[in-house]
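Undergrad: Sharing a structure here in structure tokens format.
Residue numbers (this note's numbering), protein chains in the order written: chain R, 1 to 184; chain C, 1001 to 1210.
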């Protein structure tokens, strides 16, 4: 079985807790709280986001009172997820939150701003102007307009390998210049 | 708030023994099974012809069919008591056992001169009454145990507990039952067990929410 580091750590803590290690248990619950909060917030519509904390507490309580149902030979995260999912479904039912709209589609109205896209495009042009014109054109064709490397290479009359090298170098120099922390 | 809760839960921590869930379920079934046996001895008593019956095929058929269903029910209950638990093979095996019993029953009917006593017997009402009665303590004990567990399909978990209880009740009743027809067992014992299963499903819906 693949050993996911989170799974391994949480499972070790859980096994220690089942044997009565209160310190490990406290660490485990605190960490689970950190995992569960975004888990529930993401699943609740913004109008019900304030319920996330209740759900975290209910889930932690269920983990505590029903910890005997954890099978020591099975993945801990699967058990955790089953409990959290059950608590979420139960909560939605009990609060009769009507999920007439899929959760993902009910995002805030101003989340997507077309004007911002235009600004991003202009930034991109500015950025691409800082590297040699052939390199920037190759990048634009392959990475933004979706052309293949072969097509872009043909447009400039160079080999595919040369185009690949050129694109790679261009992206590298852009990354070096615009990634955070680099000094001129 | 959540930090307070975590502190309280950590302070409340007691070690959990390996297989604690299995121990609780089996312990509940055994204790309530004793109650059911006592009820059977008081209300009906063992069948008077026990020594003669002990060498018959039908006695052991009743004995093993009900016991096997009880164990399969327990297997399903144990799986469904865990969050996200899914049970499949216990149900399929139970259906296969019923099919096998029906085959045996048909063979027995084909060999007998008078079929009706083999099918209808003389104690349908008695069976349909006492099997649920002897199941009742077992069903309640199983439900109480399940309430401390985490079934995410409460009705199905209740049904599994009901099948376990019904089969245990039928197994106990079999010691008092003098019917000789395989078809009688296949029809009426099974009906009584399924009725208790249905009661368990309804109880589960309400009692096993968490």
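Even glycine gets a Cβ: it sits at the ideal position worked out from N, Cα and C.
Would you call residue 148(R) buried or exposed, if buried means 16 or more other Cβ atoms sit within 10 Å of its Cβ?
TA: With fewer than 16 other Cβ atoms within 10 Å, it is exposed.
Undergrad: Please list, in chain order, the residues of the stretch 150-175 of chain R that have any C-beta partner in chain C closer than 8 Å.
TA: Hits within the stretch: zero.
Undergrad: With DSSP run on the structure shown, which of helix, strand or coil describes residue 1118(C)?
TA: Looking at residue 1118(C) - three-state DSSP - the assignment turns out to be helix.
Undergrad: Output yes or no for whether 7 Å exceeds the beta carbon distance between residue 1189(C) and residue 1161(C).
TA: No.
Undergrad: DSSP state of residue 7(R), grouped into three classes?
TA: It is helical.
Undergrad: Select from 1129(C), 1207(C) and 1081(C) the residue whose C-alpha is nearest the C-alpha of residue 1040(C).
TA: It is 1129(C) whose Cα lies nearest to the Cα of residue 1040(C).
Undergrad: Anything in the stretch 1146-1177 of chain C with a Cβ closer than 8 Å to a Cβ of chain R? List those residues in chain order, please.
TA: From the stretch 1146-1177 of chain C, only 1148, 1149, 1150 and 1152 have a Cβ closer than 8 Å to chain R.
Undergrad: For a contact defined as C-beta to C-beta under 7 Å, what are the partners of residue 1021(C) on chain R?
TA: Within chain R, the residues near residue 1021(C) are 68 and 69.
Undergrad: With a threshold of 7 Å between beta-carbons, can residue 1090(C) be considered close to chain R, or not?
TA: No, residue 1090(C) does not count as interfacial toward chain R.
Undergrad: Going straight from the alpha carbon of residue 1156(C) to that of residue 1204(C), what length do you get?
TA: Roughly 7 Å separates the two Cα atoms.
Undergrad: Identify, in the order they occur along the chain, each residue of the same chain with its Cβ nearer than 6 Å to the Cβ of residue 1178(C), setting aside the five sequence neighbours on each side.
TA: Cβ neighbours of residue 1178(C) beyond the five flanking positions: 1047.
Undergrad: Let's test the definition: count the other Cβ atoms within 10 Å of the Cβ of residue 1055(C) and tell me whether it reaches 16, buried, or not, exposed.
TA: When all chains shown are included, residue 1055(C) counts as exposed.
Undergrad: Determine, for residue 25(R), whether the minimum Cβ-Cβ distance to residues of chain C falls below 7 Å.
TA: Judged by the 7 Å Cβ criterion, residue 25(R) is in contact with chain C.
Undergrad: I'd like the ranges of any alpha helix (DSSP H) spanning at least 4 consecutive residues and lying wholly in the stretch 1064-1137 of chain C.
TA: Taking only runs of at least 4 residues, the alpha helix (DSSP H) segments lying wholly in the stretch 1064-1137 of chain C are 1089-1111 and 1116-1120.
Undergrad: Using 7 Å as the limit for Cβ to Cβ distance, is residue 83(R) near chain C?
TA: With 7 Å as the cut-off, residue 83(R) counts as an interface residue toward chain C.
Undergrad: In three-state DSSP terms, what is residue 1019(C)?
TA: Of the three classes helix, strand and coil, the one that applies to residue 1019(C) here is coil, per DSSP.
Undergrad: Would you verify that the beta carbon of residue 56(R) is, or is not, closer than 7 Å to some beta carbon of chain C?
TA: Closer than 7 Å: yes.
Undergrad: From the beta carbon of residue 1016(C), is the nearest beta carbon of chain R less than 7 Å away?
TA: Yes, contact with chain R.
Undergrad: From residue 74(R) to residue 1197(C), what does the alpha carbon distance come to, in whole angstroms?
TA: Using only the alpha carbons, I get a separation of about 29 Å.
Undergrad: Within 10 Å of its beta-carbon, does residue 86(R) have 16 or more other beta-carbons around it, so buried, or fewer, so exposed?
TA: With 16 or more Cβ atoms within 10 Å of its Cβ, residue 86(R) is classed as buried.
Undergrad: Would the beta-carbon of residue 1020(C) fall within 7 Å of that of residue 68(R)?
TA: A contact, by the Cβ cut-off of 7 Å.
Undergrad: Report, in whole angstroms, the separation of the C-beta atoms of residue 152(R) and residue 141(R), which I expect to be a contact under 8 Å.
TA: With 8 Å as the limit, residue 152(R) and residue 141(R) qualify as a contact, their Cβ atoms being about 4 Å apart.
Undergrad: Any beta carbon of chain R sitting closer than 7 Å to that of residue 1047(C)?
TA: Answer no: the Cβ-Cβ gap between residue 1047(C) and chain R never drops below 7 Å.
Undergrad: What's the C-alpha gap between residue 1180(C) and residue 1121(C)?
TA: Distance between the alpha carbons of residue 1180(C) and residue 1121(C) is about 8 Å.
Undergrad: Look at residue 1200(C) and residue 1139(C) and say whether their C-beta atoms are less than 7 Å apart.
TA: Result yes, Cβ atoms of residue 1200(C) and residue 1139(C) sit closer than 7 Å.
Undergrad: Could one say the Cβ of residue 44(R) lies closer than 7 Å to chain C's Cβ atoms, at least one of them?
TA: No, residue 44(R) lies away from the interface with chain C (no Cβ there is under 7 Å from its Cβ).
Undergrad: What are the boundary residues of the alpha helix (DSSP H) that residue 1171(C) is part of?
TA: Element bounds for residue 1171(C): 1154-1174.
Undergrad: When you compare each of 1154(C), 1208(C), 1135(C) and 1006(C) to residue 53(R) by their alpha carbons, which one comes out closest?
TA: The residue with the shortest Cα to Cα distance from residue 53(R) is 1006(C).
Undergrad: How would you label residue 28(R), buried or exposed, when you count the other beta carbons within 10 angstroms and need 16 or more for buried?
TA: Buried, since its Cβ has 16 or more Cβ neighbours within 10 Å.
Undergrad: Is there a Cβ from chain R that is less than 7 Å from the Cβ of residue 1078(C)?
TA: With 7 Å as the cut-off, residue 1078(C) does not count as an interface residue toward chain R.
Undergrad: Please tell me whether residue 1154(C) and residue 1074(C) are closer than 7 Å, where the distance is taken between their beta carbons.
TA: Not in contact: residue 1154(C) and residue 1074(C) (Cβ atoms no closer than 7 Å).
Undergrad: Roughly how far, in whole angstroms, is the beta-carbon of residue 1062(C) from the beta-carbon of residue 1185(C), given that I think they are within contact range, below 8 Å?
TA: Residue 1062(C) to residue 1185(C), Cβ: 5 Å. Contact.
Undergrad: If you run the structure through DSSP and keep just helix, strand and coil, what is residue 52(R)?
TA: Of the three classes helix, strand and coil, the one that applies to residue 52(R) here is helix, per DSSP.
Undergrad: Indicate the three-state DSSP secondary structure (helix, strand or coil) for residue 1055(C) in the structure shown.
TA: DSSP places residue 1055(C) in coil when its eight states are reduced to three.
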